[in-house]
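A.B. asks: Before I ask anything, let me first share the structure, which is written out below as structure tokens.
There are 2 protein chains.
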Amino acid sequence: MAPEAERLPLAGSRATRRRSAIIDALTNASTFHSARDLQKLASDAGHPMALSTVYRALQALSAANEVDVLHPSCGEALYRRCTLGHHHHLVCRQCGQATEIADEALEKWVERTANQHGFTEPHHTLEIFGTCQECAKFG
Amino acid sequence: MAPEAERLPLAGSRATRRRSAIIDALTNASTFHSARDLQKLASDAGHPMALSTVYRALQALSAANEVDVLHPSCGEALYRRCTLGHHHHLVCRQCGQATEIADEALEKWVERTANQHGFTEPHHTLEIFGTCQECAKFG
DNA sequence: GGTGCCATTGATAATCAATATCATTAAGAT
DNA sequence: ATCTTAATGATATTGATTATCAATGGCACC
Ligand SMILES: [Zn+2]
Ligand SMILES: [Zn+2]
Ligand SMILES: [Zn+2]
Ligand SMILES: [Zn+2]
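Each protein sequence line maps, in turn, to chains A and B.
Using this note's numbering, read the first sequence as starting at 2 and increasing by one per residue.
Using this note's numbering, read the second sequence as starting at 2 and increasing by one per residue.
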């Protein structure tokens, strides 16, 4: 069982105003947001920046395992700051509210299934989309 | 428990040479292929066509639940003709060879997990990527 | 504080998959 | 054969993301 990857800051990377602004925006948000969303959030917080800068920050954070990326079947990628470790998401299809799901039994199932078919080094993606209680009430 | 969607041909759609060529290409392939791949496969089989036509055929087939679509984190969407019913995939990250996975226990787990968090109408996506035996041998 | 190196930034252009437009072609019913 | 209308292909367009590159600014060292 390989330990989770360390989350050291990338070698040679610098702490800048823009990057902290993006991290702040992500930290304050409980839902997934697009790069454009984050640009606006940062701007509203007094830190306007170019969209390319947002993308670059997200790229770095993603490489450092500081954010989770969701690739919906259509549209922009969505980003969220998550807790450490492997997990999946339960996402409200209306409001975007996301709950982290970590389940040992599921992980075992994945590994067992892959091995049964002779596949090694199984990686996987799993996302559950539903309607949350709030949105079911007022949706 | 809603029954699986019917797979009637779309109302007003016509059977054409190009569409059968795409269906043939998909049927002969055991792996996922991009729209460009399928254009080439159809062309090699003597049925050249514009890429837009390929996309339109795939759109129709996808809407009719005749093909499964994979959206890798980067790059083009991948298409594959699948058997009827809800299932997931075990995909070789090298050769693209895909195995269908249908597991009642997993489906139950998804529904239970969603319900536990107050989410209704849970949809989900799950793909497992690994290295198949053949590719593990020859790298 | 000042200096220098080099990562970062922003403006802009480029990519690339996928879709829209629209005149032309052809399926298939009568 | 004729007619209605879906399908097609050439082309332009969209939209997200990445590349380019000159100018800026962290920050390590003096
Ligand atoms: Zn909601
Ligand atoms: Zn997992
Ligand atoms: Zn393989
Ligand atoms: Zn399933």
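Heads up, the beta-carbon is just placed ideally off N, CA and C, and yes, glycines get one too.
1. If I follow the unbroken alpha helix (DSSP H) through Leu182/B, where does it start and stop?
2. Is any non-hydrogen atom of ligand 4 found closer than 7 Å to the C-beta of Leu107/B, if you look at the structure I gave you?
3. Taking the C-alpha atoms as reference points, what is the distance between Val111/A and Pro49/A?
4. Say whether chain B places a C-beta atom closer than 8 Å to the C-beta of Ile129/A.
5. Going by DSSP, what residues sit across from Thr121/A in a beta bridge?
6. Does the beta-carbon distance from Gln98/A to Ser21/A come in below 8 Å?
7. Does the beta-carbon of Thr84/A have 16 or more other beta-carbons within 10 angstroms, so that it is buried, or is it exposed?
8. For Ser14/B, I'd like the list of residues in its chain whose CB is within less than 8 Å of its CB, leaving aside the five on either flank, ordered along the chain.
9. Entirely within the region 46 to 117 of chain A and at least 3 residues each: give me those beta strand (DSSP E) ranges in chain order.
10. Since I believe Asp69/B is in contact with Arg57/B (beta carbons under 8 Å), could you give me their beta-carbon distance rounded to a whole number of angstroms?
11. Considering only DSSP beta bridges, list what Ser35/B is partnered with.
12. For Thr132/B, which residues of its own chain have a beta-carbon under 7 Å away from its beta-carbon, when the five flanking residues on both sides are left out?
13. Measuring only the C-alpha atoms, how far is Thr100/B from Ile24/B?
14. Check whether the Cβ of Cys93/B sits closer than 7 Å to any heavy atom of ligand 1, and report yes or no.
15. Which of the residues in the region 99 to 122 of chain A, read from start to end, lie with their CB under 8 Å from any CB of chain B?
16. So, under 8 Å CB-CB, Glu128/A and His125/B are touching, yes? Tell me the CB distance rounded to an integer number of Å.
17. Per DSSP, what kind of secondary structure is Thr28/B in: helix, strand or coil?
18. Going by other Cβ atoms of all chains shown within 10 Å of its Cβ, with 16 needed for buried, is Pro4/B buried or exposed?
19. Given a cut-off of 8 Å, decide if Ala103/B and His88/B are closer than it, judged by their beta-carbon atoms.
20. May I have the straight-line CA-CA distance separating Lys41/A from Ala16/A, to the nearest angstrom?
21. Taking 7 Å as the cut-off, is the C-beta of Val111/B nearer than that to any heavy atom in ligand 4?
C.D. replies: In this structure, then:
1. This structure leaves residue 182/B out entirely; chain B is present only between 2 and 140.
2. Yes, Cβ of Leu107/B sits closer than 7 Å to a heavy atom of ligand 4.
3. 43 Å
4. At a cut-off of 8 Å between beta-carbon atoms, Ile129/A makes contact with chain B.
5. Thr132/B
6. no
7. Counting Cβ neighbours within 10 Å, Thr84/A comes out exposed, since fewer than 16 surround it.
8. Ala61, listed in sequence order.
9. 68 to 71, 79 to 82, 89 to 93 and 99 to 102
10. Arg57/B to Asp69/B, Cβ: 18 Å. No contact.
11. Leu79/B
12. Answer for Thr132/B: Cys93, Arg94 and Gln95, listed in chain order.
13. Going from the Cα of Thr100/B to the Cα of Ile24/B covers about 19 Å.
14. no
15. Thr100, Ile102, Asp104, Ala106, Leu107, Trp110, Val111, Thr114, Ala115, His118, Gly119, Phe120, Thr121 and Glu122
16. Yes, Glu128/A and His125/B are in contact; Cβ-Cβ is about 7 Å, under 8 Å.
17. Three-state DSSP puts Thr28/B in a helix.
18. For Pro4/B, the predicted model reports a pLDDT of 36, less than 50, meaning its position is unreliable and no value from the coordinates is stated.
19. yes
20. 21 Å
21. yes
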